[in-house]
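Here the structure comes first, spelled out in structure tokens, and everything after it is commentary.
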Amino acid sequence: MEQLVENSFFNRDLSWLKFNERILMEAERSTVPLLERIKFLSIFSSNLDEFYRVRMPVLLALEKLSSKEDNDIRIDDNLLDTANQLISGQQNRYGKVLKSDLIPLLKENKINLIYGEPFPAEIEKSTTRYFLSQVMAFLQPVYLHADSDFFLPIMNCIF
């Protein structure tokens, strides 16, 4: 006699996003020290980047394949929408905690994070000089334009 087993597993992609949400929640907690909160935002951002590099292409491919009738590949109809809604909400919360909470707290502690504004004139020249002499040497510009071949970045490299 065959028994049906209830599916008691969470979707791995939604589980990944929910885990990342818990990291974001730590950044939102006012009882966590300021620099730790910034680290949590960094971890959240890194995890989301990895999700887009690793899982999002799979979700898109599965959605495309599941729409074909000649195979047995199926995903939940709303999985991609659910993932996108979770990500959108998390990104909004990320922006809010950074702009409304952490940047003002940094300023209170005499740490000025220049975010979403031009460099102040008094430091622009020195930061440009520093960038050109110390940072640019380690960068390899990649020019993308409409007439070029498709560009696919190498995995696990920073561009």
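Mapped onto this note's numbering, the consecutive letters of the sequence shown carry residue numbers 230 to 388. A virtual CB, placed ideally from N, CA and C, is assigned to each residue, including glycine.
Outcome for residue i when other beta-carbon atoms lying within 10 angstroms are tallied against a minimum of 16
i	result
Asp-278	exposed
Asp-376	exposed
Asn-249	buried
Phe-178	One cannot answer for residue 178 here, as it falls past the ends of the chain, which runs 230 to 388.
When the options are compared against residue i, the one with the closest alpha-carbon
i	options	result
Asp-305	Tyr-344, Gly-345, Gln-314 and Leu-291	Leu-291
Lys-325	Phe-248, Ala-375, Phe-239 and Leu-270	Leu-270
Whole-angstrom distance between residue j and residue i, CA atom to CA atom
i	j	result
Lys-328	Ala-256	12 Å
Val-261	Ile-267	10 Å
Met-335	Asp-299	Looking at the sequence shown, residue 335 is not Met but Leu. Distance between the alpha carbons of Leu-335 and Asp-299 is about 57 Å.
Gln-363	Pro-370	15 Å
Asn-341	Lys-354	17 Å
Leu-368	Tyr-359	14 Å
Ile-343	Ile-332	9 Å
Thr-356	Leu-263	25 Å
Gly-345	Ser-244	32 Å
Asp-330	Glu-337	11 Å
Ser-275	Phe-239	22 Å
Other residues of its chain near residue i: CB distance less than 8 Å, five sequence neighbours each side excluded
i	result
Arg-258	Arg-266
Arg-322	Leu-253 and Glu-257
Leu-246	Phe-280, Ala-312, Leu-315, Ile-316 and Gln-319
Residues near residue i in its chain [Cβ-Cβ closer than 7 Å; skip 5 each side]
i	result
Leu-288	Asp-242, Leu-308, Leu-309 and Ala-312
Legend entry - Segment contact, 8 Å Cβ cut-off, at least three pairs: the segment 345 to 365 with the segment 311 to 321: no
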